[in-house]
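In the working numbering, each residue's number is its place in the sequence shown (first place is 1) plus 6. Backbone N, C-alpha and C fix where the C-beta goes; we use that ideal spot for every residue, glycine too.
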Amino acid sequence: MPEEKVEELSKKLDEVIRRLDAIEEALAFLKSLGLTPELLSILIGGTELYSSRLRAMRRALVAEQVLKRLPRGDDISRHIIEALAEGGPMNISELTRAVRARRGRASRRIIRQRLKKLLEMGLVVEAEGFGKKFDLPTSLGGQPLATKARKAE
Numbered sequence: 007m008p009e010e011k012v013e014e015l016s017k018k019l020d021e022v023i024r025r026l027d028a029i030e031e032a033l034a035f036l037k038s039l040g041l042t043p044e045l046l047s048i049l050i051g052g053t054e055l056y057s058s059r060l061r062a063m064r065r066a067l068v069a070e071q072v073l074k075r076l077p078r079g080d081d082i083s084r085h086i087i088e089a090l091a092e093g094g095p096m097n098i099s100e101l102t103r104a105v106r107a108r109r110g111r112a113s114r115r116i117i118r119q120r121l122k123k124l125l126e127m128g129l130v131v132e133a134e135g136f137g138k139k140f141d142l143p144t145s146l147g148g149q150p151l152a153t154k155a156r157k158a159e
């Protein structure tokens with residue numbers, strides 16, 4: 007997929023996600039006021055469903071951009087990026103299990119080394135929150151790649 011088309015699709019996805027977030031906030035406000043009849047509840051469920059799918063698609067686009075910047079032949083780093091794209095923020099133990107499920111083997115020491123290298127390259131970032139977790143970046147080289155996705159994806 008040409009770089010321009012990926013960026014255009016990425017911008018469109020960001021706009022759709024932003025609009026869905028605004029709708030979800032408005033619906034949550036109405037719900038807090040006790041104004042949620044059946045139809046409103048259905049709308050809330052529908053926006054959450056589409057929002058999570060769009061966020062997953064956005065994470066896949068981010069992962070594609072990050073994978074293009076990986077050195078050739080770095081199989082473990084590729085599996086780390088794919089695991090983060092599918093599962094969201096993870097710590098070293100979670101990433102080790104995910105890579106082991108893909109490759110058949112993986113060690114925490116090697117995963118930690120690759121994460122350090124990926125952090126230095128700017129291809130992975132430390133996620134905010136409790137504990138030391140890693141995630142895909144929200145920008146790469148000054149260009150935005152994704153909105154911060156929720157763990158529920």
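For A133, the uninterrupted beta strand (DSSP E) segment begins and ends at 131–133. Collapsing the DSSP output to three states places D81 in a helix. In this structure, E88 lies near A69, with their beta-carbon atoms less than 8 Å apart.
Sequence-distant partners of Y56 (beyond 5 residues in either direction) whose C-beta falls short of 8 Å from its own C-beta, in its chain, are L26. Straight-line spacing of the CA atoms in P95 and G40 works out to 34 Å. One alpha carbon belongs to A133, the other to F140, and they sit about 5 Å apart. Closest in alpha carbon position to E10, among L67, G128, R108, R114, is L67. Taking C-beta atoms under 8 Å as the contact rule, R84 and L76 qualify, at a distance of about 6 Å.
Around the beta carbon of A32, a 10 Å sphere encloses fewer than 16 other beta carbons of the protein chains shown; the residue is thus reported as exposed.
The beta carbon of N97 is closer than 7 Å to those of G137, K138, K139 in its chain, skipping five residues each way along the sequence.
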